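Beneath this line is the structure, given in structure tokens, with notes to follow.
Protein chains: 2
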Amino acid sequence: MPAKNSARKSKKTAGEKLREKEDPKIIAQKIRRIGEEIVGDINKHKDPEFVTQQRGRGNVEFDEKDKLLTLGDKTTTRNFLNIGHARKFMQTMIVSAKTHEYLEENKTAAIREIYYELKHTIGGSKENTFEEQTESDGVIVDLEHAVNSIREKLNLHANPKGTLYGDITLRDRKHNNDTFNAGKLGRGGWSIMSRVEPEEIEILKVDANYVLVIETEAMYERLVEEDFAKKNRAILVSTGGQAARGTRRLIHRLHMEAKLPVYMFTDGDPYGWYIYSVIKQGSMALAAHSDLLAVPGAKYIGMTLDDVETYELKNVTERMKEGDIKRAKEMLEYPWFQNSEWQRQLKKALSEKIRIEQQALANKSLSFVADEYLPKKIKAKDFLP
Amino acid sequence: MPAKNSARKSKKTAGEKLREKEDPKIIAQKIRRIGEEIVGDINKHKDPEFVTQQRGRGNVEFDEKDKLLTLGDKTTTRNFLNIGHARKFMQTMIVSAKTHEYLEENKTAAIREIYYELKHTIGGSKENTFEEQTESDGVIVDLEHAVNSIREKLNLHANPKGTLYGDITLRDRKHNNDTFNAGKLGRGGWSIMSRVEPEEIEILKVDANYVLVIETEAMYERLVEEDFAKKNRAILVSTGGQAARGTRRLIHRLHMEAKLPVYMFTDGDPYGWYIYSVIKQGSMALAAHSDLLAVPGAKYIGMTLDDVETYELKNVTERMKEGDIKRAKEMLEYPWFQNSEWQRQLKKALSEKIRIEQQALANKSLSFVADEYLPKKIKAKDFLP
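Quick note, the sequences are listed as chains F and Y, same order. Just so it is clear: in the first sequence, position 15 is 15 by UniProt numbering, and no numbers are missing. Just so it is clear: in the second sequence, position 6 is 6 by UniProt numbering, and no numbers are missing.
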């Protein structure tokens with residue numbers, strides 16, 4: 001994958017950056033326009049076609065200026081009269097029509113629901129519209145790209161995961177204007193929704209110095225228990241492993257909209273570092289959506305393999321597994337890991353072949369992470385880029 | 001495993017039913033007493049021993065009267081001077097001492113944290129206290145049984161998972177007495193903590209007809225979106241698959257303490273039915289803890305394979321996998337599935353070899369589950385036992 005140094009051109013199908021806020025009516029119109037063009041083609045006895053951005057590594061670029069992953073300008077055209085395209089064309093049409101309906105009727109659906117809702121045997125045939133959810137999922141991604149937005153703005157969503165805690169007041173405009181502070185829900189916190197678009201979920205007030213994003217639910221509970229958020233004026237977000245889209249979107253908004261620094265705290269292993277990199281510059285699979293999902297300004301606070309030495313944690317490390325070794329080798333090559341700090345860290349991992357978990361800090365004491373490890377690093381700005 | 005028809009005898013080590021509420025000081029004293037007895041043995045030059053309940057299928061019984069799984073009266077004795085027991089004896093002692101410290105100091109820890117906190121190389125040797133977390137986990141279970149309580153009351157916990165939504169007001173006594181209503185947190189809901197013991201988390205008020213426990217987060221989001229809780233005066237709990245202990249404890253309390261009926265809604269497959277059975281009568285692995293975790297009065301609302309016919313959903317079923325077939329065969333034999341309804345359902349699954357997901361109801365329409373499927377079943381009391 002090439003690392004391009006040029007500023008991004010208007011290479012999106014719709015020719016513009018993705019918008020943080022966009023009226024559902026505008027999105028519905030874009031979908032409608034696609035349909036109208038196809039009807040126009042049919043009326044003109046032309047082969048109807050559907051154009052979307054080409055995905056996959058061959059069209060993914062790392063934007064050195066904006067520091068995020070993005071898609072190149074290659075497009076894919078699907079023709080109804082091409083026998084290899086016809087099935088997918090049909091699927092694209094029914095998903096587009098249903099999504100348009102959701103937007104018009106102010107409904108939302110999980111991507112698994114739209115799959116089930118549209119699955120049926122086509123009249124007069126033995127052909128099902130879909131056999132597997134992967135088919136409808138692929139078509140949804142096509143449509144997101146074709147209208148230059150993200151599925152959440154098409155009223156679609158994946159499963160929720162992740163928790164929010166701290167002195168932040170949110171309002172849900174679609175739920176009686178519920179207004180609540182995520183630091184006043186006991187130690188449980190707020191369960192982050194699958195869709196947290198600004199049109200519906202408003203960030204009313206945040207009183208914090210930074211956002212600390214935490215890989216494991218257990219470490220999140222530790223920090224809540226230690227009253228870390230209050231003592232350090234921090235917002236805590238736990239991702240529970242790889243972050244769900246709703247959680248990525250919320251972190252992105254806390255950074256962009258509420259202007260908070262974002263520090264990421266994961267296990268010290270290639271998988272944790274990869275979770276960080278997805279939060280920071282986006283993922284290859286969703287490169288076109290980085291505008292709304294990535295947090296290029298995020299910093300990495302730990303764990304690092306240097307922590308193992310600094311805090312004498314050798315005894316509570318584990319051997320890296322094959323998958324981690326493979327991942328570390330791949331990461332060494334990614335353009336966004338081409339800086340001396342990460343190159344050194346990844347090479348260290350590959351040479352020592354050990355990993356360290358966040359919770360291993362309990363080896364010092366339960367409160368060590370909250371009283372020493374994190375505050376010290378934040379004070380010294382001891383981050384990886 | 002035998003299905004005993006006798007009322008439970010006082011066969012627990014401590015000779016009594018588990019208590020919903022118990023002063024941490026009492027638990028600390030019980031641990032202290034174990035330590036004192038061992039010190040006494042040492043002073044008398046006797047071989048110190050640690051006694052706990054025997055676990056595993058050989059000692060699990062189904063209590064026909066209370067309708068829950070329970071442990072028989074077999075015990076296991078571990079002697080320090082037995083070379084095969086010495087390591088585990090040492091582990092039991094350090095976990096007991098540390099747990100006692102947590103209780104005295106009002107600290108809580110995840111079971112992974114206590115593992116890391118106690119892991120070290122024993123002075124003058126190359127022996128580590130633990131090599132794997134499974135070792136400390138096993139010792140924790142021994143200790144829970146020895147003091148006749150659950151780990152949550154020993155200030156230990158596993159990872160949190162699960163979400164709560166509806167007109168229920170909770171208070172967290174250990175967090176500024178935060179008082180909040182889980183129906184006023186937008187559509188996200190409250191992220192259920194890993195420990196929800198009544199000593200800390202109080203159920204102040206519930207305004208509901210029943211609790212609906214939902215297997216998938218996605219179906220939970222659907223029901224929230226449809227305003228199901230308000231329209232039906234229901235409390236919604238999503239488990240996100242197999243329920244975490246904190247979530248089981250909360251459902252148990254809603255049933256026992258707030259006297260609410262509990263209806264369970266899972267995918268229509270042996271795995272979903274198994275999740276239900278663990279909620280209802282407890283699990284074999286934690287048979288001694290059913291008093292505080294099980295909900296013997298729970299009912300099963302769906303999905304069933306009859307739903308497939310009633311609602312013409314054949315087209316959105318899937319083939320059962322090998323694991324499901326194996327599980328269904330095992331479940332046929334369990335004493336608590338010895339009733340005509342479940343025998344019929346399990347045999348139907350084994351003969352048709354299909355499964356149906358909750359979300360497949362979207363095939364009717366997105367709101368079908370909320371407007372028709374659930375209300376109709378609840379009105380007709382169309383449950384499986």
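From the three backbone atoms N, C-alpha and C, an ideal C-beta is built for every residue, glycine too. Since the structure is predicted, the reported quantities are computational estimates derived from the model, not experimental observations.
From the options, residue whose alpha carbon lies closest to that of residue i
i	options	result
residue 167/Y	174/Y, 158/Y, 204/Y and 83/Y	204/Y
residue 276/F	248/F, 230/F and 139/F	248/F
residue 129/F	238/F, 119/F, 137/F and 138/F	119/F
residue 243/F	85/F, 255/F and 264/F	264/F
residue 200/Y	212/Y, 210/Y, 137/Y and 246/Y	246/Y
residue 386/Y	349/Y, 28/Y, 230/Y and 218/Y	Since the first residue of chain Y shown is 1 and the last is 385, residue 386/Y is not available in this structure.
residue 38/F	30/F, 31/F and 49/F	49/F
residue 202/Y	160/Y, 304/Y, 303/Y and 257/Y	257/Y
residue 337/Y	311/Y, 308/Y, 300/Y and 366/Y	300/Y
residue 269/Y	55/Y, 325/Y and 135/Y	325/Y
residue 228/F	28/F, 372/F, 44/F and 30/F	372/F
residue 350/Y	44/Y, 164/Y, 331/Y and 188/Y	331/Y
residue 20/F	306/F, 376/F and 290/F	290/F
residue 307/F	333/F, 382/F, 283/F and 89/F	382/F
residue 216/Y	56/Y, 57/Y, 359/Y and 25/Y	359/Y
residue 211/Y	224/Y, 193/Y and 237/Y	237/Y
Residue i: first and last residue of the uninterrupted beta strand (DSSP E) it sits in
i	result
residue 77/Y	75-79
residue 211/F	210-214
residue 236/Y	234-238
residue 373/Y	Premise fails: residue 373/Y is in no beta strand (DSSP E) and is neither H nor E.
residue 262/F	262-265
Nonlocal neighbours in the same chain, by C-beta distance under 6 Å from residue i, ignoring five residues either side
i	result
residue 179/F	171
residue 152/Y	195 and 197
residue 72/Y	59 and 61
residue 367/F	226
Sequence-distant residues of its chain with Cβ nearer than 8 Å to residue i (five each side left out)
i	result
residue 387/Y	Outside the displayed range of chain Y (1 to 385) lies residue 387/Y, so it cannot be described from this structure.
residue 156/F	99, 102, 108, 109, 110, 111, 114 and 140
residue 92/F	50, 78, 139, 142 and 143
residue 353/F	319, 320 and 325
Three-state class that DSSP yields for residue i in the structure shown
i	result
residue 171/Y	strand
residue 187/Y	strand
residue 176/F	coil
residue 35/Y	helix
residue 134/F	helix
residue 40/Y	helix
residue 255/F	helix
residue 331/Y	helix
residue 181/F	strand
residue 305/Y	helix
residue 121/Y	strand
residue 243/F	coil
residue 378/Y	helix
residue 287/Y	helix
Neighbourhood of residue i by C-beta, 7 Å cutoff - its chain only, sequence neighbours within 5 removed
i	result
residue 341/Y	384 and 385
residue 67/F	281 and 296
residue 279/Y	213, 243, 248, 251, 264, 295 and 298
residue 15/Y	For residue 15/Y, the pLDDT reaches just 49, beneath the cut-off of 50, and the residue's location in the model is therefore unreliable, although a value from the coordinates is still provided. Excluding sequence neighbours, residue 15/Y sits near nothing in its chain.
residue 145/Y	13, 52, 53 and 288
DSSP bridge partner residues for residue i (one or two, in chain order)
i	result
residue 71/Y	60/Y
residue 205/Y	169/Y
residue 49/Y	79/Y
residue 300/Y	264/Y and 384/Y
residue 248/Y	Its beta-bridge partners do not exist; DSSP assigns none.
residue 318/Y	355/Y
residue 128/F	121/F
Start and end residues, alpha helix (DSSP H) containing residue i
i	result
residue 225/F	217-225
residue 91/F	86-105
residue 270/Y	270-281
residue 17/F	Taken as a continuous stretch (DSSP letters only), residue 17/F belongs to no alpha helix (DSSP H), as it is neither H nor E.
residue 154/F	Segment: none, residue 154/F is in no alpha helix (DSSP H) and carries neither H nor E.
residue 338/Y	Per DSSP, residue 338/Y belongs to no alpha helix (DSSP H) and is neither H nor E.
residue 291/F	290-293
Q | chain B contacts from the segment 190-201 of chain F (Cβ-Cβ distance under 8 Å) | A | Looking for chain B here will not work: the only protein chains present are F and Y.
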